[in-house]
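Number of protein chains: 2
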Amino acid sequence: MAAAFRLFMEKGYEYTSIQDIIDNLGGLSKGAIYHHFKSKEEILIAVIEKITAESNQMLADIRDRSGLSGKEKLKEIFKKSINRPVQNDIFTVAPDFHNNPKLLFCLLHDTIDHAAPEYILPIIRQGVADGSIETDYPKQLAELVLLAANVWMNPMIFNSSEEESYGKYMVFSQMMQSFGLDVVDEEMLKRLEELTAIYQKNKQQKSARNGG
Amino acid sequence: MAAAFRLFMEKGYEYTSIQDIIDNLGGLSKGAIYHHFKSKEEILIAVIEKITAESNQMLADIRDRSGLSGKEKLKEIFKKSINRPVQNDIFTVAPDFHNNPKLLFCLLHDTIDHAAPEYILPIIRQGVADGSIETDYPKQLAELVLLAANVWMNPMIFNSSEEESYGKYMVFSQMMQSFGLDVVDEEMLKRLEELTAIYQKNKQQKSARNGG
Chain A
618 MAAAFRLFME KGYEYTSIQD IIDNLGGLSK GAIYHHFKSK EEILIAVIEK
668 ITAESNQMLA DIRDRSGLSG KEKLKEIFKK SINRPVQNDI FTVAPDFHNN
718 PKLLFCLLHD TIDHAAPEYI LPIIRQGVAD GSIETDYPKQ LAELVLLAAN
768 VWMNPMIFNS SEEESYGKYM VFSQMMQSFG LDVVDEEMLK RLEELTAIYQ
818 KNKQQKSARN GG
Chain B
618 MAAAFRLFME KGYEYTSIQD IIDNLGGLSK GAIYHHFKSK EEILIAVIEK
668 ITAESNQMLA DIRDRSGLSG KEKLKEIFKK SINRPVQNDI FTVAPDFHNN
718 PKLLFCLLHD TIDHAAPEYI LPIIRQGVAD GSIETDYPKQ LAELVLLAAN
768 VWMNPMIFNS SEEESYGKYM VFSQMMQSFG LDVVDEEMLK RLEELTAIYQ
818 KNKQQKSARN GG
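Those sequence lines, one after another, are chains A and B.
Numbering-wise, my numbering comes out as the position in the first sequence, counting from 1, plus 617.
Numbering-wise, my numbering comes out as the position in the second sequence, counting from 1, plus 617.
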């Protein structure tokens, strides 16, 4: 998986073949690879699951921390999520979700069925109890917030330009304020723009290099 | 396609086979069907495209109507969308999006790449001009509103119970108000609950009838 991730980073997911991965594995045969993974997509999903597991540990740490209000925890989560160095790597791999319904499906369902109830919901419940978040429907708010942040604002999914991404953060910020959540600040906006730029730059380079 | 839609309605999408559809077509052979459609999923997508085309005509009519403010048009669209009789049919067919990444992918991209810019964006632009909608980012607001309404609030995608759906409408309503859009009223909430109930009832019946 380390070899696959490195190749995805260098060549881009779309331009890496299973043969490329096998060539970088020394002794392993094609049969051994196919024994574990039915397709390149499954390798990508395994790589993403590994990254997700690390991310979930970070979410759990903030969720379980003491001394922060619900709102402060939510802000901390957004900040930490976009500042992790692995984000640069992910946006460099830049898988093309447009050609990959299964990948989008996994992300969407992981967001709504797992990440939202497991990590965001307990924090929103705490925020409602400590008065820092305003909602009568914590479960649904957790879902909408994470759907917007993980899926809609993800430049890899809807291929947003830097300018379009900026508009998304601003609309997201206005939406959050209606729940008492002023969690997006200037520093976060800068970092989000940076990530979008990394993604767009790498996508163009890879496309040019591969004659696409 | 009419035969397929009727069968999907009666038996449910998951429990209808291509053979069932062929048996209801009189003379047509399996080969002729497969010439047009590679899979059952493609038949469903064709059925959905037909319904979408009718829905788009309704959206275009409201968008181009005169004498309504942007906000009034948006409210009219929500009202009309959920009140169309075909909605009852769709929620009776109740395709299981959980087993169908491609279907979800189509809906998501049609929502963001087509319906939002084509129908919702011009209305929001009008609303900004006539002072009935508050945003500096009409394109992004159009996307977020429709992503929430078409995907997140769709009980077929995330299999929401009636109670969970109600929470979604309320969170959606609060979000909309932050953009000056008080577009969800009691009557609409009732109708949304009714649609969720139709979906849940039919899903259970079909599952029981098919021993699932």
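Every residue gets a Cβ at the ideal spot worked out from N, C-alpha and C, and that includes glycine.
Just so you know, these numbers come straight off a predicted model, no measurement behind them.
For the set L738/A, A621/A, D730/A and K697/A, the Cα lying nearest the Cα of I635/A is the one of A621/A. Taking 7 Å as the threshold, the shortest C-beta distance from M792/B to chain A falls below it. In the three-state reduction of the DSSP assignment, E735/A falls in the helix class. Note that the C-beta distance between K756/B and M770/B is not below 7 Å. With the rule of 3 Cβ pairs closer than 8 Å, the stretch 817-824 of chain A does not count as touching the stretch 803-817 of chain B.
In this structure, the CA atom of L624/B is about 11 Å from the CA atom of D640/B. When secondary structure is reduced to three states using DSSP, K655/B falls in the coil class, being assigned neither helix nor strand. In the three-state reduction of the DSSP assignment, R682/A falls in the coil class. Taking 7 Å as the Cβ-Cβ cut-off, the stretch 763-777 of chain A approaches chain B at L764, A765, W769 and F775, given in chain order. In the displayed model, S795/A falls within coil according to three-state DSSP, outside both helix and strand. E810/B sits close to E779/B, with the two beta carbons spaced by under 7 Å. In this structure, K667/A sits away from G744/A, with a CB-CB distance that is not shorter than 7 Å. Secondary structure at Y783/A: helix, using DSSP grouped into helix, strand and coil. For I774/B and L685/A, the gap between their C-alpha atoms comes out near 35 Å. A check of alpha carbon separations from A814/A across I679/A, T709/A, F654/A and I665/A identifies T709/A as the nearest.
Among the residues of the stretch 787-813 of chain B, those with a Cβ less than 9 Å away from any Cβ of chain A are M787, V788, F789, Q791, M792, M793, Q794, S795 and F796, in the order of the chain. Residues of chain A whose Cβ lies closer than 9 Å to the Cβ of E658/B do not exist; the shortest such Cβ separation is about 11 Å.
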